[in-house]
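Residues in the sequence shown are numbered consecutively from 1, following this note's numbering. Every residue, glycine too, gets a C-beta built ideally from N, C-alpha and C. Here is the structure we will look at, set down as structure tokens.
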Amino acid sequence: MKNQKIYILAIESSCDDTSAAVMCNNKKLSNVVATQKIHEEYGGVVPELASRAHQQNIVPVVHQALAKANIDKKLVSAIAFTRGPGLLGSLLVGTSFAKSLSLGLNIPLIEVNHMQAHILAHFIEDQESKIPEFPFLACTISGGHTQIVLVKDYFEMEILGETLDDAIGEAFDKSAKLLGLPYPGGPLIDKHAKNGQPDKFPFPIPNVAGLNFSFSGLKTSIKYFIEKETADNPKFIEENLEDICASIQSTIVKILMRKIKKAVKQTGVRRIAIGGGVSANSGIREALQSAETKEGWTTYIPKFEYCTDNAAMIGIVGYLKFLKGNFAASDTTAKARYVIA
Ligand code: KG4
Ligand code: ZN
């Protein structure tokens, strides 16, 4: 099996990105993502529009992935797809497509948990990033998720903490919306924060038990703060945008870093792997980098391509499951709520 070339065609459609990738063992040959712009004008993902867009995108995206990888579909060893968690209508498109293709090509089908895939994306072999050793702590931080997971082995994971309400990306996006910034506002907060003073407007850090998170209180306190300040000065946001963004970002970074520190203390594990779209945030990256020296941690951030929703991360899980002969039944179904086993 070791020298054999296994080609996995992977499909991801859990939220608002339609993606297909081809992997050759643990290496990516192609990773095509069609991002749905339609949601921007609504200020968030509209599930019905997402599933319609997936239906339009899936065939061309799969074609492109095969063409970029320069392999014929007859060479594909198995089809991997995101079974869940995610939006049901979106998942159904990828699941049905994957099932039909595996039947048509008469090759195995492999179901993948999207959250596990965010974590195992660290194992895509790539010259630019280092691969974590077990055990490590994985923080999946995106517009849809916020979790701290103890990863003991590829498929041995324990969720230590997660958000009780909004995801960390939503905290960025909803705060940005309150400032009148377009969706998704996370990258804009990051951009404006670069020239601002992070301690200018202190926002409260929520007191949440254990390793769980809560971000809805932060959004409420920012809302009241903005309402109060703009009542006194209608130009308050405009005149203080950089300091407000820096203050919001530093609060979110503090919330995250405190929980990671707590998880390190609780488990004794000092290897920290970050994934999900929010890992692009420069405040989080800086905080992690300085923890390498200050706390003695080893931190892992994969290439941004593998941080946001993408099919290559589904493909690496497909490959690891293929090696174990862990295939799905042909009557498998999409699963909107799908907890890491
Ligand atoms: O992983 P992702 O592409 O999609 C899912 O949510 O699954 O993550 C998107 C999220 C959005 O909330 C976006 O605002 C946030 O990641 N994001 C950022 C940055 N870049 C993306 N948040 C803060 N700073 C950034 N630089
Ligand atoms: Zn995701």
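Same chain only: Cβ atoms within 8 Å of residue i, ignoring 5 sequence neighbours per side
i	result
Thr267	Pro135, Leu137, Leu150, Leu160
Lys254	Ile205
Leu75	Tyr7
Phe327	Ala78, Pro108, Leu109, Ile110, Lys321
Val46	Ile38, His39
6 Å Cβ shell around residue i - same chain, five flanking residues per side excluded
i	result
Thr164	According to the sequence shown, residue 164 is Leu rather than Thr. Closer than 6 Å at Cβ, skipping near neighbours: Asn212, Ser214.
Leu208	A small fix is needed here, since residue 208 is Val in this sequence, not Leu. Within the same chain, Val208 has close Cβ partners Ser214.
Ile226	Leu178
Glu242	His192, Asn195, Gly196
Gly283	Gln249, Val253
Thr332	Glu111
Trp297	Arg270, Ile272, Ala291
Bridge partner(s) assigned by DSSP for residue i
i	result
Ile141	Thr146
Thr163	Phe213
Glu158	Leu150
Tyr7	Cys24
Glu12	Ser19
Proximity test, residue i beta-carbon vs the ligand KG4 heavy atom, cut-off 7 Å
i	result
Phe203	no
Ile340	no
Ser142	yes
Asp173	yes
Thr251	no
Ala311	no
Asn281	yes
Ile189	yes
Pro302	no
Pro184	yes
Gly44	no
Gly169	yes
Cβ-heavy atom distance, residue i to the ligand ZN, below 7 Å
i	result
Gly276	yes
His122	no
Gly166	With the sequence shown as reference, residue 166 is identified as Asp, and Gly is not the correct amino acid for it. Incorrect: Asp166 has no Cβ contact closer than 7 Å to the ligand ZN.
His145	yes
His114	yes
Helix, strand or coil at residue i [DSSP, three-state]
i	result
Phe236	helix
Lys152	strand
Ala34	strand
Arg271	strand
Ser247	helix
Ala329	coil
Val22	strand
Ala336	coil
Asp199	coil
Asp72	coil
Leu179	coil
Beta-carbon proximity list for residue i, same chain, < 7 Å, skipping 5 on both sides
i	result
Lys259	Ile148, Gly161, Leu211, Phe213
Glu12	Ser19, Thr82, Gly94, Asp309, Asn310, Ala311, Ile314
Mind pulling the alpha helix (DSSP H) runs of 4 or more residues that sit fully within the region 79-142? List check, alpha helix (DSSP H) in window: 88-105, 114-120.
Write down every uninterrupted run of the beta strand (DSSP E) in the region 271-318 whose length is 3 residues or greater and which is fully enclosed by it, in chain order. If we require 3 residues or more, the beta strand (DSSP E) runs fully inside the region 271-318 come out as 271-275, 298-300.
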